[in-house]
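Below is one structure, written out as C-alpha cells, with a few remarks after it.
Numbering (the numbering used here), first residue to last: 7 to 269.
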C-alpha cells in the first residue's frame, strides 16, 4: 500500500529529485506502452508528465510560483520569491526516438537565482538499478580532472557556430548530444568538458541543470559572462556556458574575440 508523502517532511531538494525521478518513470511507461508513434509519443509524454508535476507542486508547495514549458504562464510568479521552473521532457525528439539523451528538469529559483535543481536522465541507468539517473544540487559527484584533449558537447542536429569556433581554437573534440539537460549533465558525468550553447533557449531549458552544475563547482553564465537570472517576464534565455572554472576565462575571451556574443 502506498503512503502519501507528507509535504512538511520533505525538503525542497528531496522534493525536486523525487518529482523528477517519478516523472521519468511515468515517461518510460508511456513510451513502453507502444501506443504512440514518435511525434505523438512526445506530445503524450510532455502533457502527462507536466500534469503530474504541476499537480504535485500545487499539492506540496501551494504557495510557490510555477513556470513550466507546457503550462500557460501565470505572471503572478513575478511577485513571488520562490518559483519552481520545470521542463517535463527536455529533448522531446530524443524521447520520441527512444534515445537516452533526454531529461526531466525540476528546479527552484529563489529571488531569481537557481537555488535547487534535479535533472533526471531516465534513459541513463548508471547504477544498473533500472531506475535511470538523477543528478541533484544537494548530492555532489566527484568531477575528474579534464583530459588533455577537451570535449565540447553540442547539439546533434544544429551545432552552434560559437561552439564550433571555440572547438577549433582549442583543438577540442565535438560531442553531439540531444537535450540541454543531458548536455549540461555531461560535464558532471565526464562525458564532456564544455557546454556552450547560443542557439536559443528558455528558462526551463537551463534552470535546473544550472542549479546542479553550480552546486558541483562549475562555471555557469551567459556567453558574454553575465549571470543567468531566472523568473523574468521574458523567459527567453538564449545562450549559456557551463564548464570547469579553469576553462571559463579562455572560452569567454574566444567568444568575445570572435564577436559572436548576442544580446
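C-beta: ideal position from N, C-alpha, C; glycine also. Keep in mind it's a predicted model, so treat the numbers as computed, not measured.
inquiry  = For the beta strand (DSSP E) containing residue 126, name the first residue and the last one.
reply    = Taking the chain shown and counting its residues from 1, the one referred to as residue 126 is at position 120. Taken as a continuous stretch (DSSP letters only), the beta strand (DSSP E) holding residue 126 covers 119-127.
request  = Just the C-alpha distance for residue 263 and residue 25, rounded to the nearest angstrom, thanks.
outcome  = The residue given as residue 263 occupies position 257 in the chain shown. The residue given as residue 25 occupies position 19 in the chain shown. Answer to the nearest angstrom: the Cα atoms are 42 Å apart.
message = Are the CB atoms of residue 55 and residue 29 within a distance shorter than 8 Å?
response = As a first step, residue 29 must be located in the chain shown, where it is residue number 23. As a first step, residue 55 must be located in the chain shown, where it is residue number 49. Going by C-beta atoms, residue 29 is nearer than 8 Å to residue 55.
inquiry  = Assuming residue 142 is part of the beta strand (DSSP E), what are its boundary residues?
reply    = Residue mapping note: residue 142 aligns to position 136 of the chain shown, counting from 1. First-last of the beta strand (DSSP E) with residue 142: 139-142.
ask   = Helix, strand or coil: how does DSSP classify residue 161 here?
value = The residue labelled residue 161 in the question sits at position 155 within the chain shown. If DSSP states are grouped into helix, strand and coil, residue 161 belongs with the strands.
ask   = To the nearest angstrom, how far is it from the Cα of residue 136 to the Cα of residue 182?
value = Position 130 of the chain shown, counted from the first residue, corresponds to residue 136. Position 176 of the chain shown, counted from the first residue, corresponds to residue 182. Residue 136 and residue 182 have their C-alpha atoms roughly 25 Å apart.
request  = Identify every residue that forms a DSSP beta bridge with residue 92.
outcome  = Taking the first residue of the chain shown as 1, we reach residue 92 at position 86. Assignment of beta-bridge partners to residue 92 by DSSP yields 74 and 112.
message = Three or more C-beta pairs under 8 Å: does that hold for the segment 192-199 against the segment 166-174?
response = Result no; under three Cβ-Cβ pairs closer than 8 Å.
request  = Taking all protein chains shown into account, decide if residue 189 is buried (16 or more other Cβ within 10 angstroms of its Cβ) or exposed.
outcome  = Looking up residue 189 in the chain shown gives position 183. So residue 189 ends up on the buried side.
inquiry  = Suppose contacts are defined by Cβ-Cβ distances below 8 Å. Is residue 118 in contact with residue 208 by that definition?
reply    = Counting from one through the chain shown, the residue named residue 118 turns up at place 112. Counting from one through the chain shown, the residue named residue 208 turns up at place 202. It is not a contact, given that the beta carbons lie outside the stated cut-off.
ask   = When burial is assigned at 16 or more other CB atoms within 10 Å of the CB, is residue 69 buried or exposed?
value = As a first step, residue 69 must be located in the chain shown, where it is residue number 63. Flag for residue 69 reads exposed.
ask   = From the DSSP output, which residues share a beta bridge with residue 200?
value = Here residue 200 is taken as the residue at index 194 of the chain shown, counted from 1. The beta-bridge partner set that DSSP reports for residue 200 consists of 158 and 249.
task = Taking only the alpha-carbon atoms, compute the straight-line gap between residue 269 and residue 216 and give it to the nearest angstrom.
result = By 1-based counting over the chain shown, the position of residue 269 is 263. By 1-based counting over the chain shown, the position of residue 216 is 210. Low per-residue confidence applies at residue 269: pLDDT is 44, beneath 50, and the placement is therefore not dependable enough to give any value.
query = Within 10 angstroms of its Cβ, does residue 87 collect 16 or more other Cβ (buried), or is it exposed?
reply = Taking the chain shown and counting its residues from 1, the one referred to as residue 87 is at position 81. Exposed, because fewer than 16 other Cβ atoms sit within 10 Å of the Cβ of residue 87.
Three-way DSSP call (helix, strand, coil) for residue 236 in this model = Position 230 of the chain shown, counting from 1, holds the residue named residue 236. Residue state for residue 236 is assigned as coil, using DSSP reduced to three classes.
request  = Identify whether residue 87 lies in helix, strand or coil by the three-state DSSP scheme.
outcome  = Position 81 of the chain shown holds residue 87. Reduced to three states, the DSSP call for residue 87 is coil.
task = Pick helix, strand or coil for residue 39, following the three-state DSSP scheme.
result = By 1-based counting over the chain shown, the position of residue 39 is 33. The answer is coil: DSSP assigns residue 39 none of H, G, I, E or B.
inquiry  = Please report the distance separating the alpha-carbon of residue 120 from that of residue 213.
reply    = Here residue 120 refers to the residue found at position 114 of the chain shown. Here residue 213 refers to the residue found at position 207 of the chain shown. Rounded to whole angstroms, the separation of the alpha carbons of residue 213 and residue 120 is 6 Å.
ask   = Straight-line CA distance for residue 145 to residue 125?
value = Translated into the one-based positions of the chain shown, residue 145 becomes position 139. Translated into the one-based positions of the chain shown, residue 125 becomes position 119. Distance between the alpha carbons of residue 145 and residue 125: 12 Å.
message = Using 8 Å as the cut-off, can you tell me whether the segment 71-86 makes contact with the segment 27-43, which would need three or more C-beta pairs spanning the two stretches below that distance?
response = The way I'd put it, the segment 71-86 doesn't touch the segment 27-43; fewer than three beta-carbon pairs between them come closer than 8 Å.
task = Report buried or exposed for residue 259, applying the criterion of at least 16 other Cβ atoms within 10 angstroms of its Cβ.
result = Reading the chain shown from its first residue, position 253 is the one you call residue 259. So residue 259 counts as exposed.
N- and C-terminal bounds of the alpha helix (DSSP H) containing residue 172 = For the purposes of this step, residue 172 is taken as residue 166 along the chain shown, with counting starting at 1. Looking at the DSSP string, the run of the alpha helix (DSSP H) that includes residue 172 is 167-176.
query = Shortest alpha-carbon distance to residue 204 belongs to which of 242, 71 and 116?
reply = Counting from 1 along the chain shown, the entry for residue 204 is found at position 198. Ranked by Cα distance from residue 204, the options 242, 71 and 116 are led by 242.
ask   = Hey, quick one: how far does the alpha helix (DSSP H) through residue 61 stretch, first residue to last?
value = Translated into the one-based positions of the chain shown, residue 61 becomes position 55. 44-66 is the span of the alpha helix (DSSP H), which, as asked, contains residue 61.
key: residue 241 - DSSP class collapsed to helix/strand/coil   = Mapped onto the chain shown, residue 241 falls at position 235. Taken through DSSP and simplified to helix, strand or coil, residue 241 comes out as coil.
query = Is there contact here, the segment 223-230 with the segment 247-258, by at least three beta-carbon pairs under 8 Å?
reply = At 8 Å Cβ cutoff, the stretches touch.
inquiry  = Applying the 10 Å Cβ sphere with the 16-neighbour rule, what's the burial state of residue 4?
reply    = Given that the chain is displayed from residue 7 to residue 269, the structure contains no residue 4 and the question cannot be resolved.
query = Does the Cβ of residue 157 have 16 or more other Cβ atoms within 10 Å, making it buried, or fewer, making it exposed?
reply = What you label residue 157 is simply residue 151 of the chain shown in a count that begins at 1. Residue environment for residue 157: buried (at least 16 other C-beta atoms within 10 angstroms of its C-beta).
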